[in-house]
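Working notes, structure below.
Residue numbers (the numbering used here): 8 to 346.
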């Protein structure tokens with residue numbers, strides 16, 4: 008299992024430390040059956056991959072051993088699912104969600120589509136941190152970030168709040184790159200298929216998904232990874248530059264650091280606000296026990312995905328720090344994205 012040192016360092020720089028596991032009693036709560044797991048993206052990406060792993064094992068560790076039923080609700084880079092879980096979903100423990108790692112950032116930047124307060128969600132736990140990567144098909148004319156400064160590269164976008172679209176737009180503004188974003192793909196799965204078919208030159212997805220589902224691409228060198236959206240280079244990708252390395256000055260670095268911060272949230276799970284204490288405790292205790300389940304760990308190893316759990320208290324701290332954005336950064340983002 009991989010420990011992402013860059014993400015740990017980023018958390019430490021914010022003065023955050025992992026909190027003790029949830030110890031609240033759950034004896035007074037018997038989970039409703041089923042519990043619906045809303046996934047903010049279409050099938051085929053890392054959110055769906057991890058969520059279905061969670062769905063297979065979470066109920067086993069909860070009172071009553073409820074069935075966990077995954078339901079995909081794609082839209083606007085998971086903002087549709089975030090708005091649903093915040094304001095519409097039942098607040099009794101029968102609905103949880105896998106949302107995009109950028110939902111706290113979108114709130115901080117006052118995205119009008121973000122109709123929720125991420126700090127008030129009932130955070131459950133994280134199964135893994137994330138490393139969003141940008142990759143390009145081997146036949147594309149541009150094969151590096153430097154190339155894209157002079158050669159147009161078409162990339163498949165998976166929603167206006169997703170890093171597959173926001174990072175290329177940022178780099179076009181800050182570096183003068185020539186990314187051409189082709190929007191409309193529901194998740195990274197269809198986006199990668201479009202790249203393979205030649206509809207676009209590249210796209211962005213999780214490193215976990217590429218390792219789990221596209222080992223042949225790596226072995227046969229059919230794709231080239233040109234960027235990773237984390238504060239420091241992943242040990243598995245030592246030759247791939249990070250988002251922060253592209254900054255020309257301190258102002259750009261502060262802005263890019265915000266877009267590299269979502270990795271600490273990663274593949275996290277949450278529930279509606281104002282959940283009964285016993286329901287929240289049952290979900291949190293069950294989730295932490297699930298991440299230590301030998302059967303889950305064996306499945307993850309077969310899938311070649313990392314398990315890097317974090318508890319709800321650490322997630323709460325990260326979210327609260329993320330939403331505190333300086334007005335100067337917010338102003339620059341509005342200038343770049345026009346909202």
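Think of the CB as a built atom: it goes at the ideal place given N, C-alpha and C, for glycine as much as any other residue.
- Between residue 92 and residue 104 a beta carbon distance of about 4 Å is seen, short of the 8 Å cut, so the two are scored as contacting.
- Sorting 69, 119, 59 and 50 by C-alpha distance to the C-alpha of residue 86 places 119 at the top.
- Cβ-Cβ distances below 8 Å link residue 68 to 292, 293, 294, 296, 297 and 300 in the same chain, with the five nearest sequence neighbours on each side left out; the list follows chain order.
- Residue pairing by DSSP places residue 235 opposite 140 and 249 in a beta bridge.
- As DSSP reads the structure, residue 133 sits in a beta bridge with 275 and 317.
- The Cβ atoms of residue 54 and residue 312 do not sit closer than 9 Å to each other.
- The shortest CA-to-CA distance from residue 107 to any of 268, 343 and 282 is the one to 268.
- Taking the Cα of residue 46 as reference, the smallest distance to any Cα among 194, 329 and 207 is reached at 194.
- The three-state secondary structure of residue 116, taken from DSSP, is coil.
- Residue 209 carries a strand assignment under DSSP once its states are collapsed to helix, strand and coil.
- Under DSSP, the beta-bridge partners assigned to residue 102 are 43.
- Proximity to residue 310 across 157, 218, 189 and 187 peaks at 218, based on C-alpha coordinates.
- A straight-line Cα-Cα distance of about 14 Å links residue 263 and residue 169.
- A contact between stretches requires three or more CB pairs, one per stretch, nearer than 8 Å, and the region 313-323 meets this requirement with the region 124-137.
- Here residue 138 is buried, its C-beta having at least 16 other C-beta atoms within 10 Å.
- Cβ atoms of residue 123 and residue 90 come within 8 Å of each other, at about 6 Å.
- Within the DSSP secondary-structure output, residue 163 pairs in a beta bridge with 189 and 210.
- By the neighbour-count criterion, in which 16 or more other beta carbons inside 10 Å mark a residue as buried, residue 274 falls on the buried side.
- The C-beta distance from residue 163 to residue 189 rounds to 6 Å, short enough to fall under 8 Å.
- Using a Cβ distance threshold of 9 Å, residue 174 and residue 236 count as a contacting pair.
- DSSP places residue 220 in the helix class (H, G or I) of the three-state scheme.
- Residue 261 holds the alpha-carbon nearest to the alpha-carbon of residue 332 among 187, 261 and 158.
- In this model, residue 41 and residue 51 are separated by some 23 Å (Cα to Cα).
- Under DSSP, residue 79 shares a beta bridge with 46.
- For residue 94, the enclosing alpha helix (DSSP H) covers residues 86-94.
- For residue 155 and residue 101, the gap between their C-alpha atoms comes out near 46 Å.
- Of the candidates 327, 343, 344 and 342, the residue whose Cα lies closest to the Cα of residue 127 is 327.
- Under the criterion of beta carbons closer than 8 Å, residue 211 and residue 171 qualify as touching, at roughly 4 Å.
- In this structure residue 113 is buried. Its beta-carbon is surrounded by 16 or more other beta-carbon atoms within 10 angstroms.
- By the criterion of a C-beta distance shorter than 8 Å, residue 255 is surrounded in its chain by 181 and 182, once the five residues flanking it on both sides are discounted.
- Per the coordinates, the alpha-carbon of residue 302 lies some 34 Å from the alpha-carbon of residue 246.
- Boundaries of the alpha helix (DSSP H) harbouring residue 173: 170-181, taken from the DSSP string.
- Burial state of residue 145 is exposed, judged by a 10 Å Cβ sphere holding fewer than 16 other Cβ atoms.
- In the structure shown, residue 230 falls within a strand segment according to DSSP collapsed to helix, strand and coil.
- Spanning the alpha carbons of residue 285 and residue 99 requires a straight line of approximately 10 Å.
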